Amino acid sequence: TGPPPRFFPIRSPVPRTQLFVRAFSAVTMTDSNDAGMDAVQRRLMFEDECILVDENNRVVGHDTKYNCHLMEKIEAENLLHRAFSVFLFNSKYELLLQQRSKTKVTFPLVWTNTCCSHPLYRESELIEENVLGVRNAAQRKLFDELGIVAEDVPVDEFTPLGRMLYKAPSDGKWGEHEVDYLLFIVRDVKLQPNPDEVAEIKYVSREELKELVKKADAGDEAVKLSPWFRLVVDNFLMKWWDHVEKGTITEAADMKTIHKL
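Numbering (the UniProt record's numbering) for the sequence shown: 1 to 261.
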């Protein structure tokens with residue numbers, strides 16, 4: 001059998017719960033400024049409860065995905081939430097990238113790492129020991145976004161390499177302010193991307209990624225990179241890729257530091 005295909009067609013979607021209490025001012029679902037929001041993205045914006053943390057990544061409460069991505073609330077209340085970014089490599093050590101769907105509220109149609117999302121404020125995703133809550137969330141979202149079944153990405157196969165804190169406006173209204181866990185995994189997987197989340201996917205070698213970065217830097221409108229992915233590329237990715245290829249990835253881990261970028 002030959003190598004897996006490097007580009008894949010896109011197909012279709014999937015669910016959620018919650019736990020303790022902190023009150024925040026509600027935002028109504030009838031906000032006229034949100035009239036054009038995609039129905040699936042709107043539902044997730046109000047159903048999903050992100051984990052609020054302080055700058056030392058201590059849990060301080062929870063709030064809706066909507067509020068956590070509203071720049072006026074990020075700035076006024078310094079809302080900071082927990083997130084993760086998965087970097088999945090195949091057995092040829094190529095990195096799987098995704099282009100976010102055009103209906104995404106933040107950073108639509110930008111290219112980014114394999115999967116970027118948030119652990120939710122639920123018991124299974126709040127577990128701190130061995131970063132298990134974040135790993136559980138990563139496994140859940142790889143299925144939601146890319147159709148990767150849990151058996152193909154066991155939670156104990158994710159290697160947490162580090163954490164970074166960053167803020168990035170997407171447009172005048174929306175943005176990100178996250179403590180982002182960076183998870184690496186090497187697995188050959190079957191893919192069935194969800195078109196509500198993903199426009200396109202592709203595996204890239206190091207050299208192909210460098211070419212993408214050059215195009216983005218040259219202002220190529222077809223190649224926009226997410227700010228969190230670009231921070232990882234500029235600060236960590238190439239040296240970590242060395243460890244992926246050598247099978248020494250755990251040696252690169254630093255889970256004591258929160259890099260403020």
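Beta carbons: idealized from backbone N, C-alpha and C, even for Gly. Here the structure is a predicted model, which means the values were calculated and not measured.
>> Measuring straight from C-alpha to C-alpha, what distance separates I211 and L165?
In response: The displayed chain sequence assigns Glu, not Ile, to residue 211. Spanning the two alpha carbons is a distance of roughly 27 Å.
> Which two residues bound the contiguous beta strand (DSSP E) that contains A83?
Replying inline: Unbroken beta strand (DSSP E) run through A83: 81 to 89.
> Is it right to say A154 is buried, meaning 16 or more other beta carbons lie within 10 angstroms of its own, or is it exposed?
Replying inline: Reading off the sequence shown, one finds Pro at residue 154, where the question assumed Ala. Flag for P154 reads exposed.
>> I'd like to confirm the pairing. Which residues does DSSP put opposite I51 in its beta bridges?
In response: Answer is H62, bridged to I51.
> Do the CB positions of F107 and L95 come within less than 8 Å of each other?
Replying inline: A distance of 8 Å or more separates the beta carbons of F107 and L95.
>> Please report whether the beta-carbon of G162 lies at a distance below 8 Å from any beta-carbon of chain B.
In response: Looking at the structure shown, chain B is missing, and only one protein chain is on hand.
>> I'd like the span of the beta strand (DSSP E) that includes F184, first residue to last.
In response: Its beta strand (DSSP E) spans residues 175 to 186.
> Of all the options S117, A39, L109, which has the alpha carbon lying nearest to the alpha carbon of R82?
Replying inline: Of S117, A39, L109, the smallest CA-CA separation from R82 is found for S117.
> Pick from G162, E178, L161: whose alpha carbon is nearest that of residue 307?
Replying inline: Lying before the first or after the last residue shown, residue 307 is absent from the chain, which here runs from 1 to 261.
> What residue does the beta strand (DSSP E) around Q139 start on, and which one ends it?
Replying inline: Segment 132 to 146 is the alpha helix (DSSP H) holding Q139; no beta strand (DSSP E) there.
> Exposed or buried, G162, counting other C-beta atoms within 10 Å across all chains shown (16 or more means buried)?
Replying inline: Counting Cβ neighbours within 10 Å, G162 comes out buried, since at least 16 surround it.
> Given that a residue counts as buried once 16 or more other Cβ atoms are within 10 Å of its Cβ, and exposed if not, what is M45?
Replying inline: Buried, since its Cβ has 16 or more Cβ neighbours within 10 Å.
>> Can you give me the C-alpha to C-alpha distance between V60 and L52, rounded to a whole angstrom?
In response: In a straight line, the C-alpha of V60 is about 6 Å away from that of L52.
> What are the boundary residues of the alpha helix (DSSP H) that I249 is part of?
Replying inline: Here I249 belongs to no alpha helix (DSSP H), and DSSP marks it neither H nor E.
> Shortest alpha-carbon distance to F143 belongs to which of K92, E197, V131?
Replying inline: Checking every option, the nearest Cα to that of F143 belongs to E197.
> According to the Cβ coordinates, are F184 and I249 closer than 8 Å?
Replying inline: Yes; because the gap between Cβ atoms is below 8 Å, this pair is in contact.
> So what's I127 in DSSP terms, helix, strand or just coil?
Replying inline: Here I127 sits in coil by DSSP.
>> So if DSSP puts H259 in a beta bridge, which residue, or which two residues, is it bridged to?
In response: Checking the DSSP bridge columns, you'll see H259 partnered with M164.
>> Which same chain residues end up closer than 7 Å to W241 when comparing Cβ atoms and leaving out the 5 residues on each side of it in sequence?
In response: Cβ within range, chain order: R206.
> When the Cα atoms are used, what is the spatial distance from D180 to K73?
Replying inline: Using only the alpha carbons, I get a separation of about 19 Å.
>> What would DSSP say about V233, mapped onto helix, strand or coil?
In response: DSSP places V233 in helix when its eight states are reduced to three.
> Which stretch, first to last residue, makes up the alpha helix (DSSP H) that contains L212?
Replying inline: Residues 206 to 217.
> What is the C-beta distance between S85 and W228, in whole angstroms, given that I count them as a contact (C-beta under 8 Å)?
Replying inline: Yes, they are in contact, since the Cβ atoms of S85 and W228 sit about 6 Å apart, within 8 Å.
> What first and last residue would you give for the alpha helix (DSSP H) that runs through K73?
Replying inline: Under the DSSP assignment, K73 falls in the alpha helix (DSSP H) whose first and last residues are 71 to 77.
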